[in-house]
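Numbering (this note's numbering), first residue to last: 840 to 1245. Beta carbons are placed, not taken as given, at the ideal position from N, Cα and C, and that holds for glycine. Let me begin by presenting the structure, written as structure tokens, before commenting on it.
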Ligand SMILES: [Zn+2]
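Printed below as a string of structure tokens:
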């Protein structure tokens, strides 16, 4: 298969991986409610069964409403009456995941599959989660099982259509294993570049880790694209040299550019760390601002001067309005604002509390709640102070001066 032929699946993969988690929850809640109703009817003779069915129904409703903590407790209550059951474990797994406990979620999901390897819902969720991790091969196996058990599942059918060619494409890539990264590349020409990428990423691992106080376990997947393939394969503008969507995607040419590669790799790796700490729940301004913050400190890049390398989808910190598909100067301004917000955050609260904020975001329902719990004051107070500083006509900006590099 040519790389050009992979454009369509890449684009669909990218969009799908963003919505995969939401799809998994929504449809599985409906399945869970149907199970609970069925259990209530079947168990009407036995009081314990009916109690469990009521707990299960309440649990699925709570999950549907987004109250994952209460849902987890209700699933546990149902399980105490009936003993371990696959359908309850799938619900408990979704609740754990929603609370930011990905590991606990996966453990419960695997247990559900052990108990009942014929659970379409369990395979469905396992497929979405594998795809989210970038493990398209494992996703394929679960989707195949799910569609065999429930041939009418249109979401799974759609995911299968995307994942099949993805698996075939990745089979054509070679892999290079580093302690914290797996770099996939094509052909001998890019082997040396993959080695350079892995070495520089290992340096970024240590140095970004020191800034964000985080040294994640496991290996981050990295895809290295020959020529102009990155833009086509990820449906990005031509000027994009790298992006992060659960995996790091970089152009091999950009890695061969010794003057630019560290900035690029530090930037994309910072996205990976922020994603890991916050479980993908950091607002876009914070993700981009932190990436630029680390990039500037570790690679000496000037303020936001590489920001338009990135694609749209940014969020302006002040308005939180989406800037996707806006003119490029507006996008650049959003990057500059994101960067100065993060400078102000670092100057006022320090890196340890930023770390705490990212962790809090992984399980908080709202950004404001996580912010106040981590920083000790509401976000609007901080934001108003930053805006007031910005309006000040002359003189040093006290808040961000300390953290501003030259
Ligand atoms: Zn970025």
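Figure out for me which residue from 1003, 956 and 1007 has the closest Cα to the Cα of residue 988. Locating residue 988 in the chain shown gives position 149, counting from the first residue. Closest by alpha carbon: 956.
Going by the C-beta, is residue 1130 closer than 6 Å to any heavy atom of ligand 1? Indexing the chain shown from 1 puts residue 1130 at position 291. Yes, since a heavy atom of ligand 1 falls inside the 6 Å radius drawn around the Cβ of residue 1130.
Taking contact to mean 3 or more Cβ pairs, one atom from each stretch, closer than 8 Å, check whether the segment 995-1010 and the segment 953-970 are in contact. Touching, yes, given that three or more Cβ pairs across the two stretches are closer than 8 Å.
Less than 7 Å between the C-beta atoms of residue 931 and residue 917, yes or no? Here residue 931 is taken as the residue at index 92 of the chain shown, counted from 1. Here residue 917 is taken as the residue at index 78 of the chain shown, counted from 1. No. Outside cutoff.
For residue 1007, name the three-state secondary structure that DSSP assigns. Within the chain shown, numbered from 1, the residue matching residue 1007 stands at position 168. Residue 1007: helix per DSSP, three-state reduction.
Using the three-state DSSP reduction, which class does residue 1013 fall into: helix, strand or coil? Numbered from its first residue, the chain shown carries residue 1013 at position 174. In the structure shown, residue 1013 sits in a strand (DSSP, three-state: E or B).
With hydrogens ignored, establish whether the beta-carbon of residue 1041 is closer than 6 Å to any heavy atom of ligand 1. Position 202 of the chain shown, counted from the first residue, corresponds to residue 1041. Not so, every heavy atom of ligand 1 lies at least 6 Å from the Cβ.
For the beta strand (DSSP E) containing residue 1125, list its first residue and its last residue. For the purposes of this step, residue 1125 is taken as residue 286 along the chain shown, with counting starting at 1. Counting along the chain, residue 1125 falls outside any beta strand (DSSP E), though it belongs to the alpha helix (DSSP H) covering 1123-1138.
If we ignore side chains and look at the alpha-carbon of each, how far apart do residue 901 and residue 1022 end up? Looking up residue 901 in the chain shown gives position 62. Looking up residue 1022 in the chain shown gives position 183. A direct Cα-to-Cα measurement between residue 901 and residue 1022 gives close to 40 Å.
Selection from 934, 867 and 1201 that minimises the alpha carbon distance to residue 1117: As a position in the chain shown, residue 1117 is number 278, starting the count at 1. Closest option to residue 1117, Cα to Cα, is 1201.
Are the beta-carbon atoms of residue 1089 and residue 1043 separated by less than 7 Å? The residue labelled residue 1089 in the question sits at position 250 within the chain shown. The residue labelled residue 1043 in the question sits at position 204 within the chain shown. No, the pair does not count as a contact, with Cβ atoms beyond the cut-off.
Could you pull the DSSP bridge partners for residue 1066 from this structure? Taking the chain shown and counting its residues from 1, the one referred to as residue 1066 is at position 227. In the DSSP assignment, no residue is bridged to residue 1066.
Buried or exposed (CB count within 10 angstroms, at least 16 for buried), residue 1077: Taking the chain shown and counting its residues from 1, one reaches residue 1077 at position 238. Classification of residue 1077: exposed, given that the 10 Å Cβ count is below 16.
Integer Cβ distance of residue 1024 from residue 1063, believed to fall under 8 Å: Against the chain shown, residue 1024 aligns to sequence position 185. Against the chain shown, residue 1063 aligns to sequence position 224. At roughly 4 Å, the Cβ-Cβ gap stays under 8 Å, so residue 1024 and residue 1063 are in contact.
Is residue 1127 near ligand 1, judged by its Cβ being under 6 Å from some heavy atom? Stepping through the chain shown from its first residue, residue 1127 is reached at position 288. Yes, the beta carbon of residue 1127 sits closer than 6 Å to at least one heavy atom of ligand 1.
Quick one: grab the DSSP three-state call for residue 1050. Taking the first residue of the chain shown as position 1, residue 1050 is located at position 211. Residue 1050 falls in the helix class under three-state DSSP.
First and last residue of the uninterrupted beta strand (DSSP E) at residue 1081: As a first step, residue 1081 is located in the chain shown; it is residue number 242 there, counting from the start. Counting along the chain, the beta strand (DSSP E) containing residue 1081 begins and ends at 1081-1083.
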